[in-house]
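Worksheet for the structure shown next.
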Amino acid sequence: MKKTKVLSIILVIAMIVVGCSSKIETEDKKESGKGDINSDYINLTMVKPETINPILNKDKSVGYVMNLIYDSLFTIDENYNVVPQLVKEYSIENGGKEINIKLKDAKWHDKSPVTSSDVKFTVDFIKKSEENPYSELVKNIKSVHIINDKEFNINLNENYSFSIETLIFPILSKNNLSSLSKKDITNNKNNLIGNGPYKIEKYEERDGMFLTKNEDYYKEIPSTAKDIRVGIVPDQEAQVAMVMALDSDIAKVSLNDLSKFHETEFNITKYEGRDYENIIFNYDNPILLDSNLRKAIAYSIDKKKILEEAYMGDANIVNFPLNTSSKYYNKDIKSINYNKEKAKEYLSKVKFDGDKSNSKDQKENKSNTKSNSQINLKIVVNKNNTDRVKSAHIISENLKAIGIKSEVDELEGEDLEKAISGKKYDLALVGWELSFIPDATPIIKSLDYKDEKLNDYMASLTRATSESQVKDIYDSIQKYVNNNVPMISLVIRNDYMVTNSRIEGKIQPNDFDVYEGITNLTIKNK
Numbered sequence: 004m005k006k007t008k009v010l011s012i013i014l015v016i017a018m019i020v021v022g023c024s025s026k027i028e029t030e031d032k033k034e035s036g037k038g039d040i041n042s043d044y045i046n047l048t049m050v051k052p053e054t055i056n057p058i059l060n061k062d063k064s065v066g067y068v069m070n071l072i073y074d075s076l077f078t079i080d081e082n083y084n085v086v087p088q089l090v091k092e093y094s095i096e097n098g099g100k101e102i103n104i105k106l107k108d109a110k111w112h113d114k115s116p117v118t119s120s121d122v123k124f125t126v127d128f129i130k131k132s133e134e135n136p137y138s139e140l141v142k143n144i145k146s147v148h149i150i151n152d153k154e155f156n157i158n159l160n161e162n163y164s165f166s167i168e169t170l171i172f173p174i175l176s177k178n179n180l181s182s183l184s185k186k187d188i189t190n191n192k193n194n195l196i197g198n199g200p201y202k203i204e205k206y207e208e209r210d211g212m213f214l215t216k217n218e219d220y221y222k223e224i225p226s227t228a229k230d231i232r233v234g235i236v237p238d239q240e241a242q243v244a245m246v247m248a249l250d251s252d253i254a255k256v257s258l259n260d261l262s263k264f265h266e267t268e269f270n271i272t273k274y275e276g277r278d279y280e281n282i283i284f285n286y287d288n289p290i291l292l293d294s295n296l297r298k299a300i301a302y303s304i305d306k307k308k309i310l311e312e313a314y315m316g317d318a319n320i321v322n323f324p325l326n327t328s329s330k331y332y333n334k335d336i337k338s339i340n341y342n343k344e345k346a347k348e349y350l351s352k353v354k355f356d357g358d359k360s361n362s363k364d365q366k367e368n369k370s371n372t373k374s375n376s377q378i379n380l381k382i383v384v385n386k387n388n389t390d391r392v393k394s395a396h397i398i399s400e401n402l403k404a405i406g407i408k409s410e411v412d413e414l415e416g417e418d419l420e421k422a423i424s425g426k427k428y429d430l431a432l433v434g435w436e437l438s439f440i441p442d443a444t445p446i447i448k449s450l451d452y453k454d455e456k457l458n459d460y461m462a463s464l465t466r467a468t469s470e471s472q473v474k475d476i477y478d479s480i481q482k483y484v485n486n487n488v489p490m491i492s493l494v495i496r497n498d499y500m501v502t503n504s505r506i507e508g509k510i511q512p513n514d515f516d517v518y519e520g521i522t523n524l525t526i527k528n529k
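If you count the sequence shown from 1, you need to add 3 to reach our numbering.
Set out below in structure tokens:
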């Protein structure tokens, strides 16, 4: 349920300047596809950073640029699966409580080697630093034991199936940073040496960065890869405005902004994001403990209609809180789809208090009668989230079609939180930002759904010591969730990258690294 979305005076002035330009000049820019950008390199933007130290930085736009400059032990690919980056070899030992790692022959941008000491320094730095985005990732690390310059062991407090997925924090240079004070370590001039595919050739607080290819990178970089200029802007809206004005080449945009970009002038890349939407049940209402009613509700919901009318097709229908391209998401499970007859069939099986009928036919008839008179579900939803509000009303109509009464209560954020925490609802439409760690147990545990079998599955999932074990257990959990409906998954929202049409080639963005594959991009006629 965590979701953070962040026009300054500078942007307003910028937009006024663009608006005051003559129509002829604007059209010329669009026709040329260039604007004011230099055609020899790729132009990006980021919000003015508080620091470019990649561990202490908290701004996403800055973090995406830092991903070009700093590598991690592991990274997240376009399918949201973890893959080695600085790691050459690794193994998991001691019942999952020890990770043995051997590094690739990587170099810092000052040509010194990336060593085991750098990894240990980074882990210790994250643990000591207050309020950095990576603190949770190292909490389970007990110690880092150095074997030699390229080999080390990570000792964990307890085994955790997704321990490899936690090693996605950028690695810092011990030689460059270890002797600095707390204040100096945030100073941008002390954070110019990375180990990634691009190095900082020049950085000025007002003008931004100029990045050049790292010729000593441990992986081959295409000879056609272009250098990158990173401009400084006040906020995300300015990033979008810069691309619209053809003064920047690439930006992440929302669906609302997408309509501003014409396909003849821009290339649009759609990819699955991490915004997951689902329906939760209030299990303090005894009738919702009956899986037949939950199945009836699930079969009554027209997810395709919700996708098209509420989310305008800007999402992927899902059955479980994992990215659909994840290696752990089972696409072969036959999910519960919209089926009114099936919904009515399960509704007829719902048992009500005081239903003592011995005759099966009498019992079914009685249940059907009572379903109309006794079930009246309260659906709560965030009033300010128009997509969820539309979804809630579609769901209410779907329920009405099978004989279940319901009312939609649109609440402000704080009132919604009170309604959910105070159990003053029956169904709630909520949203989550999926973690980069593909562990769905926090979401499932939050449901307050008590079932020993499901609890055993989740405990086994977090204790598994191999990828094959995780896959097998996840298959069992996804089948269980599909069969018992402790919640109803709806969609995962899509994200979009817009690229100036002068750029050729494809990037493979995800929400962890939107510029993944940027070295494959070239410039037309260059």
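Positions of the beta carbon are idealized from the N, C-alpha and C atoms, including for glycine. Just so we're clear, the structure is a prediction, and the values are computed from it rather than from any experiment.
Between the options, which lies nearest to residue i when the distance is taken from Cα to Cα?
{"i": "His148", "options": "Asp121, Asn60, Ile526, Met247", "result": "Asp121"}
{"i": "Lys186", "options": "Thr54, Gln481, Tyr331, Ile397", "result": "Thr54"}
{"i": "Tyr341", "options": "Leu325, Lys352, Lys298, Asp317", "result": "Lys298"}
{"i": "Asn217", "options": "Asp230, Lys202, Gln511", "result": "Lys202"}
{"i": "Asn513", "options": "Asn326, Tyr428, Lys354", "result": "Asn326"}
{"i": "Asn84", "options": "Ile144, Lys334, Ile167, Asp43", "result": "Ile167"}
{"i": "Asp475", "options": "Asn497, Tyr332, Glu266, Val236", "result": "Tyr332"}
{"i": "Ser119", "options": "Leu292, Gly98, Leu76", "result": "Leu76"}
{"i": "Asn259", "options": "Asn497, Glu519, Val517, Thr522", "result": "Asn497"}
{"i": "Pro489", "options": "Ile196, Ile440, Pro324", "result": "Pro324"}
{"i": "Asn162", "options": "Gly98, Glu208, Tyr477", "result": "Gly98"}
{"i": "Asp287", "options": "Gly425, Trp435, Ile405", "result": "Gly425"}
{"i": "Ser42", "options": "Asp230, Leu419, Asp113, Glu413", "result": "Asp230"}
Rounded to whole angstroms, how far is the Cβ of residue i from the Cβ of residue j, which I believe are closer than 8 Å?
{"i": "Asn319", "j": "Ser492", "result": "With a Cβ gap of about 11 Å, Asn319 and Ser492 do not count as contacting."}
{"i": "Asn158", "j": "Lys100", "result": "7 Å"}
{"i": "Ile253", "j": "Val243", "result": "About 11 Å; that fails the 8 Å criterion."}
{"i": "Asn91", "j": "Lys105", "result": "In the sequence as presented, Asn is not what sits at residue 91; that position holds Lys. Between Lys105 and Lys91 the Cβ distance is about 5 Å, and since that is below 8 Å, they are a contact."}
{"i": "Ile271", "j": "Val501", "result": "6 Å"}
{"i": "Leu303", "j": "Leu402", "result": "It is worth fixing the name first, because residue 303 is Ser in this sequence and not Leu. With a Cβ gap of about 6 Å, Ser303 and Leu402 count as contacting."}
{"i": "Ile196", "j": "Asp113", "result": "5 Å"}
Is DSSP giving residue i helix, strand or coil here?
{"i": "Asn97", "result": "helix"}
{"i": "Ile398", "result": "helix"}
{"i": "Gly508", "result": "coil"}
{"i": "Glu344", "result": "helix"}
{"i": "Pro173", "result": "strand"}
{"i": "Pro441", "result": "coil"}
{"i": "Leu89", "result": "coil"}
{"i": "Thr54", "result": "coil"}
{"i": "Arg496", "result": "strand"}
{"i": "Leu464", "result": "helix"}
{"i": "Asn513", "result": "coil"}
{"i": "Phe128", "result": "helix"}
{"i": "Tyr483", "result": "helix"}
{"i": "Ser351", "result": "coil"}
{"i": "Val117", "result": "coil"}
{"i": "Thr227", "result": "coil"}
Have a look at residue i and residue j and give me their C-alpha separation to the nearest angstrom.
{"i": "Asn194", "j": "Ala443", "result": "35 Å"}
{"i": "Ala228", "j": "Tyr220", "result": "13 Å"}
{"i": "Ile339", "j": "Met69", "result": "42 Å"}
{"i": "Lys307", "j": "Lys337", "result": "16 Å"}
{"i": "Asp364", "j": "Phe355", "result": "With a pLDDT of only 42 at Asp364, under 50, the local geometry of the prediction cannot be trusted, and no value is derived from it."}
{"i": "Gly357", "j": "Asn135", "result": "At Gly357, the pLDDT of 48 sits below 50, so the modelled position is not reliable; the number obtained from the coordinates is stated separately. One C-alpha to the other measures close to 56 Å."}
{"i": "Lys51", "j": "Thr525", "result": "27 Å"}
{"i": "Glu507", "j": "Asn82", "result": "22 Å"}
{"i": "Asn143", "j": "Lys527", "result": "48 Å"}
{"i": "Ala467", "j": "Ile45", "result": "44 Å"}
{"i": "Ser471", "j": "Tyr452", "result": "27 Å"}
{"i": "Trp111", "j": "Thr48", "result": "24 Å"}
{"i": "Ala301", "j": "Asp429", "result": "14 Å"}
{"i": "Tyr499", "j": "Asp317", "result": "10 Å"}
{"i": "Lys352", "j": "Asn379", "result": "17 Å"}
{"i": "Lys107", "j": "Thr522", "result": "20 Å"}
{"i": "Lys177", "j": "Lys61", "result": "21 Å"}
{"i": "Lys386", "j": "Glu275", "result": "25 Å"}
Excluding the five sequence neighbours on either side, which residues of its own chain have a C-beta within less than 6 Å of the C-beta of residue i, listed in chain order?
{"i": "Phe213", "result": "Glu204, Lys205, Arg232"}
{"i": "Asn503", "result": "Asp252"}
{"i": "Ala109", "result": "Leu89, Val117, Asn198, Tyr221"}
{"i": "Phe264", "result": "Val501"}
{"i": "Leu170", "result": "Leu76, Phe77"}
Mind checking if residue i is an interface residue toward chain E, Cβ cutoff 9 Å exclusive?
{"i": "Ala443", "result": "The structure shown contains no chain E; it holds only a single protein chain."}
Quick one: what's got a C-beta closer than 7 Å to residue i's C-beta in the same chain, skipping five residues either side?
{"i": "Phe269", "result": "Val501, Thr502, Asn503, Ser504"}
{"i": "Asn103", "result": "Tyr93, Ser94, Glu96, Asn156"}
{"i": "Leu59", "result": "Ser132, Asn135, Thr189"}
Report all residues from its chain with a CB closer than 8 Å to the CB of residue i; omit the five preceding and five following residues, and keep chain order.
{"i": "Tyr483", "result": "Lys456, Leu457, Tyr460"}
{"i": "Ser164", "result": "Gly99, Asp442, Leu464, Thr465, Arg466, Ala467, Thr468, Gln472, Val473"}
{"i": "Asp210", "result": "Gly234, Ile235"}
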